[in-house]
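The structure appears right after this line, and notes come after that.
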Amino acid sequence: MNTDCPECGAPLSSEEGCTQRFHHLLALEMTDPEYGVVHHLTVAAYMLQHSGQLSRLGWLSLRDLLTQFLSDESFTPALARARNRKAVDNKNRSWSFTKGERLVLPTGFTWSRTILSVDCTTPVQYRQDIEVWARSVLDDAALVSS
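Numbered per our numbering, the sequence shown spans residues 444 to 589.
Here it is as C-alpha cells:
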C-alpha cells in the first residue's frame with residue numbers, strides 16, 4: 444500500500460514511513476559517533492519538513508538555525524546552545540515554538556528530497572546525504588514566505 448506522508452508528501456511504502464526512518468537514523472546517530480556528527484542537521488531538516496508541532500515562528504527560527512549551521516562550519520551545536528541559550532529561554536521571548544499560528548505551505552509546494560532519500564549504508568555516505576538533504580530542505584524552505 445503506497446500513500447504519501449501527510450506532512451512532507453514523501454511517497455510511503457508499507458515497510459517504512461518518515462517517522463520510522465527518523466527514529467532509525469536517530470538510533471544510528473546515538474550509537475555511532477561517525478553518524479552522530481550530523482545530528483543537528485538531521486533533526487532540523489526533519490522538523491522543518493514535519494512541522495505539525497511547530498508554530499510559524501518556531502519554524503522560521505528553526506530555518507534560521509539550519510541556515511547558520513550550513514553557512515558557517517564553525518557554528519557548532521555547542522556554539523548555537525551558548526549563543527542562543529538566553530534568546531530561546533521561555534522567559535526571554537514572547538512567542539512559542541509550538542503554540543500559535545501555524546505555518547501554511549503554499550499550494551502545490553513539494554520538498555525536493557526527504558528523509559527517505561538518505562542512504563545510511565556507510566557513515567561517509569550518510570553524512571554526505573544528510574548534508575545534501577539539509578541543504579535541499581533549506582533551499583526549498585526559502586520558497587516559503589516569512
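Glycine residues also receive a C-beta, built at the ideal position from the N, C-alpha and C atoms.
- The beta carbons of C451 and Q492 sit about 4 Å from each other, so the pair counts as a contact at 8 Å.
- Cα atoms of A584 and G543: separation of roughly 20 Å, rounded to the nearest angstrom.
- The C-beta of H466 has fewer than 16 other C-beta atoms within 10 Å across all chains shown, which makes the residue exposed.
- The alpha-carbon separation between F552 and P449 amounts to approximately 13 Å.
- By the Cβ-count criterion, T541 is exposed, with fewer than 16 other Cβ atoms from all chains shown falling within 10 Å of its own Cβ.
- A contact is defined here as three or more CB-CB pairs under 8 Å, and the segment 481 to 488 meets this definition with respect to the segment 562 to 581.
- Secondary structure at L522: helix, using DSSP grouped into helix, strand and coil.
- A straight line joining the alpha-carbon of S588 with that of F512 spans about 21 Å.
- Between A488 and V580 a beta carbon distance of about 4 Å is seen, short of the 8 Å cut, so the two are scored as contacting.
- By the beta-carbon neighbour count (other beta carbons within 10 angstroms, threshold 16), V561 is buried.
- For secondary structure counted as the alpha helix (DSSP H) over 4 or more consecutive residues, the segment 482 to 519 holds these complete runs in sequence order: 482 to 492, 499 to 514.
- Assignment of beta-bridge partners to D447 by DSSP yields P454.
- Between L548 and A453, the C-beta gap is not smaller than 8 Å, which leaves the two residues out of contact.
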